[in-house]
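Read through the structure below, which is laid out as structure tokens, and then see the notes.
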């Protein structure tokens with residue numbers, strides 16, 4: 039990635055979450071110093087069926103969350119929540135994958151930091167329609 043673009047993107051993300059916009063290139067803002075509520079999400083195979091655990095969960099608008107997602111299912115999944123576009127503040131470039139999607143290989147682990155800002159109910163799971171129909175999705179309720 040072009041270094042200037044990376045610095046610009048970090049500054050914009052930082053401004054959205056209250057960080058000073060004028061950061062030096064070598065001092066990236068680190069959201070992990072904030073208190074974030076951990077949300078553990080597990081992609082798994084249970085009794086031959088694809089599942090996301092938990093199957094449903096609640097989030098509070100305005101609260102910062104750290105999603106820790108592990109793919110224990112044995113197959114790769116394209117994980118996303120496209121309806122969250124414009125409805126969450128995202129702290130870093132890697133966390134934008136919750137909207138655009140990320141391919142998770144078996145055994146892979148990712149962390150995403152985000153803050154929901156709009157109440158509603160959103161699906162979160164595998165973009166593969168066969169996998170989703172087989173149970174590889176969960177429901178997030180933002181209250």
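In my numbering, the protein residues as written are 39 to 181.
Glycine included, C-beta positions come from ideal geometry on N, C-alpha and C.
Measure how close the beta-carbons of residue i and residue j come, nearest whole angstrom, since I'm counting them as under 8 Å.
i	j	result
residue 154	residue 117	Rounded, the Cβ-Cβ distance is 17 Å, inconsistent with contact.
residue 82	residue 110	5 Å
Quick check on this structure: which residue in the options has the alpha carbon closest to the alpha carbon of residue i?
i	options	result
residue 161	148, 137, 144, 143	137
residue 139	114, 145, 172	114
residue 127	102, 168, 89, 163	102
residue 122	156, 169, 166, 165	156
residue 91	167, 171, 168, 163	163
residue 86	147, 94, 166, 112	112
residue 151	104, 172, 167, 84	104
residue 168	95, 88, 76, 148	88
residue 100	147, 125, 94	125
residue 80	94, 108, 93, 95	108
residue 84	142, 173, 177	173
Please classify residue i: is it buried, with 16 or more other beta-carbons within 10 angstroms of its beta-carbon, or exposed?
i	result
residue 145	exposed
residue 119	buried
residue 175	buried
Just to confirm my understanding: we take residue i, look at its own chain, exclude 5 residues before and 5 after, and list those with CB closer than 7 Å. What are they?
i	result
residue 78	106
residue 149	104, 105, 106
residue 141	114, 116
residue 170	163, 164
residue 177	94, 159, 161
Looking only at DSSP bridge pairs, what is residue i linked to?
i	result
residue 78	106
residue 115	142
In chain order, what residues of the same chain lie with their CB nearer than 6 Å to the CB of residue i, ignoring the 5 residues before and after it?
i	result
residue 158	180
residue 76	104
What does a CB cutoff of less than 8 Å around residue i pick up in its chain, not counting 5 residues either side in sequence?
i	result
residue 70	Unreliable positioning characterises residue 70 in this predicted model, as indicated by a pLDDT of 49, which lies under 50. A coordinate reading is not provided.
residue 166	115, 116, 174
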